[in-house]
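Everything on this sheet refers to the single structure shown next.
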Amino acid sequence: MRVAFLGLGIMGRSMAANLVKAGHEVAVWNRTPGKQVEGARVAATPAEAATGAEVVWMCVSDTQAVEQVLFGAEGVQNSLTSGMTVVDSSTISPSATQDFAQRLRSRGVDYVDAPVTGSKIGAENASLIFIVGGDEAVIERVKPLFDAMGKQVFRMGETGKGQAAKLVMNLQIALIFEGFAEALTLATKLGVNTEALISVVQASMIRSGVVDYKAPFILKRDFSPNFPLRLMHKDIHLALDAAREARVKLPGLETVEEVYDLASEEGHSDLDYAATLTLLEKWAGVEVKGNQN
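Counted the way our numbering counts, the sequence shown spans residues 1411 to 1703.
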């Protein structure tokens, strides 16, 4: 298929590379010039990348970035043709997604929201999980592209439902990790061996994918960004905004938001979100580490 891939960040670059490997004709664009994908044509603007494309696939930072890419002066809107499909793998506002979709449908363009989970490694290994909202026939039409970048596609319902589901998943990740980080901090303060504690956690009903994934990085004190804290912070804000729109109270997430606010003030925004642990350690006067550290 002829694909315009817009956004070559931590996730997008690998996703676009996997489309090229699968034999698709790919044009790429990134807001910051200089990033390339071997085998893909580099475009100067979103509109240029989208010219002649069957599918425009986005993976950018936030709601405002998606709107700019679509409807800005050099946006995709200038290259839209009836029958084109736009797919968004950014994580953005569900209500804004519905608005964007309506604006594009008025031009004869289909819209699918398809945020992902699987982090940096999943993008590199083409093992992402897509959480999708949109018409079933349209989703089926772009299935070869999903297959090139991921291992599973879950349709959550109509347009916007993929974004809504992604936000509530990241809500859970943020809460689960914060509980894990607080447990490690208290355990360290009380003299409990970190690796022994993690072994017990992984052998019990407390075990989770979040713990399994993050524990090895924590034991090595590796906070390089698999999923940057600034992006999780953004998703927390989006979830709280959606909750306010729906008149839902999220007291646990509101508390975790305060931790992320302070972690950002400490300069941790570009580290992995697991770096919220370092804030707890600072307050407790301890450092969580493995036996080899």
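Backbone N, C-alpha and C define an ideal beta-carbon position, used for all residues, glycine too.
By how many angstroms is the C-alpha of residue j removed from the C-alpha of residue i?
| i | j | result |
| --- | --- | --- |
| L1428 | V1479 | Per the sequence presented here, residue 1428 reads as Asn, with Leu not at that position. Roughly 22 Å between the two C-alpha positions. |
| S1516 | E1477 | 16 Å |
| V1447 | R1565 | 29 Å |
| A1536 | V1526 | 11 Å |
| L1596 | V1669 | 16 Å |
| G1589 | V1430 | 40 Å |
| L1594 | I1420 | 28 Å |
| G1493 | A1547 | 13 Å |
| A1483 | I1608 | 52 Å |
When you compare the CB positions of residue i and residue j, do they come within less than 8 Å of one another, or not?
| i | j | result |
| --- | --- | --- |
| M1411 | L1538 | no |
| G1572 | G1619 | no |
| V1496 | V1413 | no |
| K1445 | L1416 | no |
| G1485 | A1524 | no |
| V1438 | A1463 | no |
| A1684 | F1627 | yes |
| R1631 | K1699 | yes |
| A1533 | A1432 | no |
| S1634 | D1671 | no |
| A1584 | I1646 | yes |
Between the options, which lies nearest to residue i when the distance is taken from Cα to Cα?
| i | options | result |
| --- | --- | --- |
| D1520 | V1563, V1526 and E1568 | E1568 |
| F1510 | V1658, F1481 and E1588 | F1481 |
| A1625 | M1615, M1642, A1606 and L1641 | A1606 |
| L1577 | T1501, F1627 and V1552 | T1501 |
| E1552 | S1614, W1467, G1532 and A1584 | Reading off the sequence shown, one finds Val at residue 1552, where the question assumed Glu. Here the closest residue by C-alpha is W1467. |
| K1530 | A1584, I1608, M1425 and S1505 | M1425 |
| S1505 | M1579, A1575 and A1584 | A1575 |
Please work out which residues of its chain come closer than 6 Å, Cβ to Cβ, to residue i, disregarding the five sequence neighbours upstream and downstream, and give them in chain order.
| i | result |
| --- | --- |
| Q1719 | Only positions 1411 to 1703 of the chain appear in this structure, which leaves residue 1719 out of reach. |
| T1461 | S1489 |
| K1599 | A1694 and V1696 |
| T1507 | D1523, G1570 and Q1573 |
| L1581 | A1649 and L1663 |
Within its chain, find whatever has a CB closer than 8 Å to the CB of residue i; leave out the 5 residues flanking it on each side and keep chain order.
| i | result |
| --- | --- |
| S1503 | T1473, Q1573, L1648, D1651 and A1652 |
| E1592 | L1690 |
| D1622 | Q1612 |
| V1452 | A1437, V1438, W1439 and Q1446 |
Could you give the residue range of the beta strand (DSSP E) that holds residue i?
| i | result |
| --- | --- |
| L1594 | Where L1594 is concerned, there is no enclosing beta strand (DSSP E), although the alpha helix (DSSP H) it sits in stretches over K1571 to K1599. |
| M1468 | V1465 to M1468 |
| L1416 | R1412 to L1416 |
| T1495 | T1495 to D1498 |
| A1483 | Unbroken run through A1483: none, as it is neither H nor E. |
| Y1521 | D1520 to D1523 |
At which residues does the alpha helix (DSSP H) containing residue i begin and terminate?
| i | result |
| --- | --- |
| M1566 | First-last for M1566: G1560 to G1567, but that is the beta strand (DSSP E), not the alpha helix (DSSP H). |
| I1541 | Unbroken run through I1541 is the beta strand (DSSP E), L1538 to G1543; no alpha helix (DSSP H). |
| E1697 | Where E1697 is concerned, there is no enclosing alpha helix (DSSP H), given that its DSSP letter is neither H nor E. |
| E1675 | P1661 to E1675 |
| V1548 | E1546 to R1551 |
| A1360 | As shown, the chain starts at 1411 and ends at 1703. That puts residue 1360 outside it, with no answer to give. |
Measuring from the CB of residue i, is there a heavy atom of the ligand HEM at a distance below 7 Å?
| i | result |
| --- | --- |
| V1696 | What this structure holds is no ligand at all, so the ligand HEM is not there to describe. |
Only counting the same chain, and skipping five residues up and downstream in sequence, which positions put a Cβ closer than 7 Å to that of residue i?
| i | result |
| --- | --- |
| G1422 | F1415 and C1469 |
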